[in-house]
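Each remark here refers to the structure printed beneath this line.
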Amino acid sequence: MNIMTLQRYKNEIILLFTALFALFGFYYKLSAQSYVEDNKAVIQKQISEIVEIESYKKQWKSKGIANRVNIFKKIVPKSKRKRFSKKSSKVSVSYINLTTNDLNKISNKLLNMPIQIIKLNIAKKSKNNFTMEFTCKW
Amino acid sequence: MNLTAKSNSNKLLIHRDMNPISSLDHSIDIILTPQFYTFIREELDVKFNYQAKQIAQSLFDDYLDHSHEYQYHVYKCDSSWCFLAYNIDKIDAFLQTKGIEKHRVSKIYFAQQLIGQIETPILIDDNSALVNIDNVITIVPTKIIDNSIEYNSLDTKSLKLRGGVTMGSSLNSYVSLKETLLLGTIFTILGGISLFEGERIKHSISKENAKLTELLDENPRYASSMVRESILSKYKPIDKIERLKRDSIKDISKLLSNKSELELLTIDKNRIKATIKAQNGATSREIGKYAKKRHFKLLGSGVDVKVEKKL
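These protein sequence lines map, in sequence, to chains A and B. So in the numbering used here, the last one in the first sequence is 142, and the numbering has no gaps at all. So in the numbering used here, the last one in the second sequence is 845, and the numbering has no gaps at all.
Below you can see the structure in the form of structure tokens.
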């Protein structure tokens, strides 16, 4: 193809290149759409899983929990605490002669603390006298 | 004298009675005689060529046949503006009859542009000559030219020509220049918009990508879906059951009032159980009703209401 032919079909060549440019642009847009459709859901799922893991870990594997459970040692007078045992990441506590107020106080603390309640036992012995024992881990 | 193209010349004077060209195998510039254009010189108070070109058509209103489309060439000549009107279709048709293909024509010049180079008449064929009359190049029959005048020849090789016009891609192509510009612009705009859109679409997940990268930088282990699933499968049930335990205890606490007391509450691996002592049957039924609403299973009857829920 010599220069003359190129010159002769200058318009067609320009049109061909601009049309190719338009096609390339369109193809680029389609591939971008397909890339986003394929990846957006995957990325969002990965993010939500990681965020979920982080939040679970923060909630159920909190580092300060071992210290926070010590509150069950002091929450009622020593005379009402029958047993307090903390080993590794497990705590077992039992109380006697608890009043309704004591019981509510301990229950609230227990329910608001991010630990797994393995066992809980509350029993009424007489009017306004309860026993309570629980085992929790974290 | 014959002014038709020599084999090694790239300029050719075009006039009505020229001889046909055979086997033209290279591009040429053509010089049109006044037979192919109309010339007007005007003194106008305009500064730029494009301004002069804008009024060119109106200047020729009275001189041209409006059934044809004309093209205009304008250039500054001394203190005036020189306007040339020509019909490219007619020129093209004429060139075809003389064996000159349109794509062989590089540039078109007008004899008027030779004004400084034509001092004596130039014989273009046996019957006519190009003559400079009052600075207008005109074709004059030789009959009316003084016999004593000596004619010059036009040395096309040494001609210095400037400001010609291109044949116009409109005539060299299947697609006109106007259509090319229009379609080319549309395609370019469409392509540009598509590229822009594509870039914008790709960019739309860049935030998510950045966030994911940041999260993975902090914990590279989470890049593996197996690791994520394993951790989630460990914590999801814990979260679900612990929430259920707490919600159930809160529900049981709502069953208590001054007419009912908690006797027993136990939570073990699989279930939560409670025994509530009601003061009377009505309270007991109310407790039972509420407990059922909260998806507890009712066990026993009478004032000792036993409720149970599987974890």
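All C-beta atoms, glycine included, are put in the ideal place defined by N, C-alpha and C.
* Are the Cβ atoms of B:Arg550 and B:Val670 separated by less than 9 Å? -> no
* **Contact set between the region 28-58 of chain A and chain B, restricted to residues whose Cβ is under 7 Å from the partner** => Answer set for the region 28-58 of chain A: Phe28, Gly29, Phe30, Tyr32, Lys33, Ala36, Gln37, Tyr39, Val40, Asn43, Lys44, Ile47, Gln48, Gln50, Ile51, Glu53, Ile54, Glu56, Ile57.
* **Between the CA atoms of A:Leu34 and B:Ser703 - distance to the nearest angstrom** => Legend: pLDDT at B:Ser703 = 43, less than 50; position of this residue unreliable, value from coordinates given subsequently. Just so you know, the alpha carbons of B:Ser703 and A:Leu34 end up roughly 34 Å apart.
* To do: Under 7 Å between beta-carbons, which chain A residues line up against B:Phe721? List them in chain order, please.
  => Thr22, Ala23, Phe25, Ala26
* **Bounding residues of the alpha helix (DSSP H) (the contiguous stretch that carries B:Ile775)** => 759-789
* To do: Closer than 7 Å by beta-carbon distance: list the chain B residues that pair up with A:Leu19, in chain order.
  => Val709, Thr714, Leu717, Gly718
* Could you have a look at B:Asp563 and say whether DSSP puts it in helix, strand or coil? => strand
* Using alpha carbons as the reference points, say which of B:Leu629, B:Ile765, B:Ile739, B:Lys844 lies closest to A:Glu41. => Residue B:Ile739 is the option with its Cα nearest to A:Glu41.
* **Cβ-based neighbour list, B:Lys587, same chain, cut-off 7 Å, excluding 5 preceding and 5 following** => The beta carbon of B:Lys587 sits closer than 7 Å to the beta carbons of Tyr606, Val608 from its chain, once the five residues preceding and following it are set aside; these are given in chain order.
* For the beta strand (DSSP E) holding B:Thr722, just list the boundary residues, first then last. => Per DSSP, B:Thr722 belongs to no beta strand (DSSP E); it is in the alpha helix (DSSP H), 711-737.
* **B:Ile765: contacting residues in chain A (beta-carbon distance under 7 Å)** => Ile57
* Asked: How would you write the range of the beta strand (DSSP E) that B:Trp615 sits in, first residue to last?
  -> 614-620
* Can you give the Cα-Cα distance for B:Lys741 and A:Asn112, rounded to whole angstroms? -> When rounded, the separation of the alpha-carbon atoms in B:Lys741 and A:Asn112 is 41 Å.
* **Residues of its chain near B:Gly817, where Cβ-Cβ distance is below 7 Å and the 5 sequence neighbours each way are ignored** => Residue 817 of chain B is actually Thr in this sequence, not Gly. Here the set comprises Lys793, Ser794.
* Listed by chain order, chain A residues near B:Leu746 by CB distance under 7 Å -> Ile47, Gln50, Ile51
* Residues that A:Tyr60 contacts on chain B, provided the C-beta gap is smaller than 8 Å -> Ile765, Leu766, Tyr769, Lys770, Ile772, Asp773
* To do: Over the uninterrupted alpha helix (DSSP H) stretch that includes A:Asn15, give me the two end residues.
  => 14-64
* **7 Å Cβ shell around B:Ile801 - same chain, five flanking residues per side excluded** => Lys779
* Asked: Do you know how far the Cα of B:Leu657 is from the Cα of B:His560?
  -> 26 Å
* Simplified DSSP assignment, three categories, for B:Leu695 -> coil
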